[in-house]
Ligand code: ATP
Ligand code: MG
């Protein structure tokens, strides 16, 4: 089996691999890039596995004039920069001892050992720089069947690193055949170990959830997480029921994890997933506006067409009510409307708190008029 793509044949990837292979080492692209190339998904980052130890990788790359960043020397990773692109080059490893997620790793020169410590068979695929796939664990058959299977015994692999529970649901959402449902053994092992999720950092949980919810069709995976209790552990109070409705209403809209997260609800979500301030604010705003009486035009005016649309979609999904007729045109009209009054127009007759109240009252009148009242008409408004 061969794979191809610009990400592989480009000068940068070829250079990084050549630096290692010309010195007699193996240099194999591995993991997500090989999996996605086989499945026809876009490729974000290209990881390289090698039998060369990290100091050797670093020396060889520097000797070839490439920039090297010692990203994680003790677990075997250096980032090699070629033509502005960063490649994580990681020495083959084998697990020696594991305590929860703290796996003690030793470097290895054996590709089979390296494959055995990866999480899923579809992630344990390698390819040479000319695209020849190396499949030590039968990942190709699983890719063909779009079957997400743990490498080795799922129970053991999960107790080594509880993040794999969340990775199971994430990769299921993205790459598994929805008609086949979950791999039964993998799902049972996830269900048996949900308490282990408590040991994970909020950053890691947040990163996984964002990636899961960005999948084109995450509903089945999220329902599975809820059913086995995993969702309740990481997001207490979250409810998966509105998610499939939202995804249906989204139609062909690009997936957005914030919108999906907003319909799950739950307590302290921004904190539990360590969201950025901006993302936390967006989530809160959607939550507040879903329960507000504001209609499409006003939402478009106050928040812009994109966020206004997200609010309406979430509201429809959560209330199980159809979207209001003409909502898209109303949103666009609201988003384009400009309130014709400035604070300066009302001064000095109004100042301080009275100025704020007057501005708000006029703005409310103007919105209620469907943005039609003119500046003159508004300025003539008697005080109430
Ligand atoms: P993507 O980058 O699209 O999210 P990926 O498969 O590249 O997917 P990464 O998290 O970038 O995922 O990890 C790269 C590879 O490292 C994986 O394909 C897998 O082989 C291995 N890996 C990553 N995290 C783990 C883990 N927690 N346990 C075991 N193997 C892992
Ligand atoms: Mg990756």
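Numbering (our numbering), first residue to last: 12 to 395.
Beta carbons: idealized from backbone N, C-alpha and C, even for Gly.
Classification of residue 66 by the beta-carbon crowding that lies within 10 angstroms, buried from 16 upward: So residue 66 ends up on the exposed side.
Residue 153, buried or exposed, once every other Cβ within 10 Å from all chains shown has been counted against 16: By the neighbour-count rule (16 or more Cβ atoms within 10 Å), residue 153 is buried.
Supposed contact pair residue 275 and residue 251 - C-beta distance, whole angstroms, cut 8 Å: Cβ atoms of residue 251 and residue 275 come within 8 Å of each other, at about 6 Å.
Residue from 52, 99, 51, 50 whose Cα sits closest to the Cα of residue 69: When only C-alpha atoms are compared, the closest one is 99.
Cβ-Cβ distance between residue 398 and residue 63 below 7 Å: For the chain, the structure presents residues 12 to 395; residue 398 sits outside this window and is missing.
Outcome for residue 193 when other beta-carbon atoms lying within 10 angstroms are tallied against a minimum of 16: The residue in question, residue 193, is buried, as its Cβ has 16 or more Cβ neighbours within 10 Å.
Beta-carbon proximity list for residue 32, same chain, < 6 Å, skipping 5 on both sides: Excluding sequence neighbours, residue 32 sits near 38.
Segments assigned beta strand (DSSP E), at least 3 residues, entirely inside the segment 228-258: Taken in chain order, the complete beta strand (DSSP E) segments of 3 or more residues contained in the segment 228-258 number zero; there are none.
Start-end ranges of the alpha helix (DSSP H) lying completely within the segment 13-63, minimum 4 residues: If we require 4 residues or more, the alpha helix (DSSP H) runs fully inside the segment 13-63 come out as 17-20, 22-32, 43-50.
Three-state class that DSSP yields for residue 379 in the structure shown: Under the three-state reduction of DSSP output, residue 379 falls in the helix class.
Proximity winner among 186, 147, 131, 47, relative to residue 167 (alpha-carbon distances): Closest option to residue 167, Cα to Cα, is 131.
Beta-carbon contacts of residue 384 that lie in its chain and below 7 Å, excluding the five residues immediately before and after: Same-chain partners within the cutoff: 376, 377.
Three or more C-beta pairs below 8 Å linking the segment 235-247 and the segment 261-268: Under the Cβ criterion (8 Å, minimum of three pairs), the segment 235-247 does not count as touching the segment 261-268.
Nearest-angstrom Cα separation, counted from residue 157 out to residue 95: Each residue's alpha carbon lies about 34 Å from the other.
Residue 105 - partner residues in DSSP beta bridges: 117, per the DSSP bridge assignment.
At least three beta-carbon pairs within less than 8 Å, the segment 136-144 to the segment 17-34: Between the segment 136-144 and the segment 17-34, the count of Cβ pairs shorter than 8 Å is three or higher; the stretches touch.
Residues near residue 119 by beta carbon distance below 8 Å, same chain, minus five either side: Counting only Cβ-Cβ distances below 8 Å, and skipping sequence neighbours, we find 62, 102, 103, 104, 105, 125.
Segment limits, alpha helix (DSSP H) that includes residue 127: Membership of residue 127 in the alpha helix (DSSP H) is indicated by the continuous run 122-127.
With 16 other Cβ atoms within 10 Å as the buried cut-off, status of residue 88: Residue 88 is buried by the Cβ-count criterion.
C-alpha gap between residue 14 and residue 50, whole angstroms: Straight-line Cα distance between these residues: approximately 10 Å.
Cβ-heavy atom distance, residue 56 to the ligand MG, below 6 Å: Yes, since a heavy atom of the ligand MG falls inside the 6 Å radius drawn around the Cβ of residue 56.
Heavy atom of the ligand MG within 6 Å of residue 345 beta-carbon: Residue 345: no, Cβ never under 6 Å from the ligand MG.
Any non-hydrogen atom of the ligand ATP closer than 6 Å to residue 129 Cβ: Because some heavy atom of the ligand ATP lies under 6 Å away, the Cβ of residue 129 counts as near it: yes.
Contact test: residue 263 Cβ vs the ligand ATP heavy atom, cutoff 6 Å: The nearest non-hydrogen atom of the ligand ATP is 6 Å or more from the C-beta of residue 263.
For residue 92: DSSP bridge partner residues: Beta-bridge pairing links residue 92 to 78, 97.
Per DSSP, cross-strand counterpart(s) of residue 182: According to DSSP, residue 182 bridges with nothing at all.
Endpoints, the alpha helix (DSSP H) within which residue 296 is located: Residue 296 -> alpha helix (DSSP H) spans 288-301.
Proximity test, residue 150 beta-carbon vs the ligand MG heavy atom, cut-off 6 Å: Result no, Cβ not under 6 Å from the ligand MG.
Three-state class that DSSP yields for residue 137 in the structure shown: Residue state, collapsed to three classes: strand.
Beta-carbon gap between residue 135 and residue 148 smaller than 7 Å: Yes, the pair counts as a contact, with Cβ atoms nearer than the cut-off.
Complete alpha helix (DSSP H) runs within the segment 333-376 (minimum length 4 residues, chain order): List check, alpha helix (DSSP H) in window: 338-347, 354-357.
Where residue 143 falls: helix, strand or coil (DSSP): Here residue 143 sits in strand by DSSP.
CB of residue 270 within 7 Å of CB of residue 321, strictly: Yes.
Integer-rounded CB distance, given that residue 57 should sit under 8 Å from residue 80: In fact, because the Cβ distance is near 15 Å, the residues do not count as touching under 8 Å.
Counterpart residues of residue 262 in DSSP-defined beta bridges: In DSSP, residue 262 forms no bridge with anything.
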